[in-house]
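The structure appears below as structure tokens.
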Amino acid sequence: MSDNEILKPSNTGRLIADILKDTHAFQWSRTEPEQALLALLKDDKYQPVIIFPEDYVDEKSRLIQVEDLVKQEKLTEQALPKEQGLPKDANSIPSKKPLLIFLDGSWREARKMFRKSDYLSSLPVLSVNPDTVSNYMMRKSDNEKHLATAEVASLVFDMLGDSIAAQTLSLWFEAFKEGYLLSKTRLKHDLSKPMLAKYNEYVRAC
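Here UniProt numbering is used: the first residue of the sequence shown is 1, the next is one more, and so on.
Right, dumping it as structure tokens:
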């Protein structure tokens, strides 16, 4: 997370932590990254993957497909317990969980974090190509395909097959946006907060 995002009320990266318990947030530093972050990147349990548009990736060999991550998770889940013995192709079974890295900041800040972080430079990259424009509305971008961090995360969760997390985050994002915009306008608006009601209804149903 860029240092400019920490106190911004319009930041959506924090919404991911509201939905998923196993979430970590770190303030970005080019030269002095947090030791906890470096330890997480080196943890043998995880395979770190940066979520970033392929148009900004110079080394195309770093790009991976979502199928690679889905296959990795399924193979890990299917690995036999030690007491049952290992299959002949045990060495081909990945034992790492995907560690999704979202660079939380404006697009200019995100590009800076991506290009200026030596400790991230060797990690694989998963690109997201949205079919729809952003519904963010709380900030403007020069590219309508530039999504808010929460929107990107929701798309990635859906790509990985976690439809519940994807839909929950998407609805929570809409409820968050609804509340934010209500606080910023003097025009007549719907105080019943229909998007928040829709989110609560979905969560109860799950």
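Beta carbons: idealized from backbone N, C-alpha and C, even for Gly.
Which residues bound the alpha helix (DSSP H) around residue i?
| i | result |
| --- | --- |
| Leu99 | It is not in any alpha helix (DSSP H) - Leu99 instead sits in the beta strand (DSSP E) that spans 97 to 102. |
| residue 232 | Missing from the structure shown is residue 232; the chain here goes from 1 to 206 and no further. |
| Tyr180 | 163 to 184 |
| Val49 | That residue, Val49, is in no alpha helix (DSSP H); its beta strand (DSSP E) goes 46 to 51. |
| Phe157 | 149 to 159 |
| Arg111 | 107 to 116 |
| Ala25 | Element bounds for Ala25: n/a, residue is neither H nor E. |
Please name the residue in the options whose C-alpha comes closest to that of residue i.
| i | options | result |
| --- | --- | --- |
| Glu34 | Asn11, Lys193, Arg14, Met1 | Met1 |
| Ser117 | Ile64, Cys206, Leu37, Arg14 | Leu37 |
| Ile50 | Gly179, Phe114, Ala205 | Phe114 |
| Phe52 | Ser163, Asp3, Gly105 | Gly105 |
| Ala25 | Glu5, Asp44, Leu160 | Glu5 |
| Tyr46 | Ser29, Gln27, Leu69, Phe176 | Leu69 |
Using the C-alpha atoms, what's the distance from residue j back to residue i?
| i | j | result |
| --- | --- | --- |
| Val125 | Leu181 | 33 Å |
| Glu59 | Ser122 | 10 Å |
| Leu169 | Thr31 | 32 Å |
| Arg204 | Ser61 | 43 Å |
| Lys152 | Arg111 | With the sequence shown as reference, residue 152 is identified as Val, and Lys is not the correct amino acid for it. Going by the C-alpha atoms only, they are around 15 Å apart. |
| Leu7 | Arg14 | 11 Å |
| Tyr199 | Lys193 | 10 Å |
| Leu100 | Val57 | 17 Å |
| Ala166 | His146 | 18 Å |
| Lys21 | Leu63 | 27 Å |
Applying the criterion that 16 or more other CB atoms from any shown protein chain within 10 Å of the CB defines a buried residue, is residue i buried or exposed?
| i | result |
| --- | --- |
| Ile19 | buried |
| Pro98 | buried |
| Ser154 | buried |
| Thr149 | buried |
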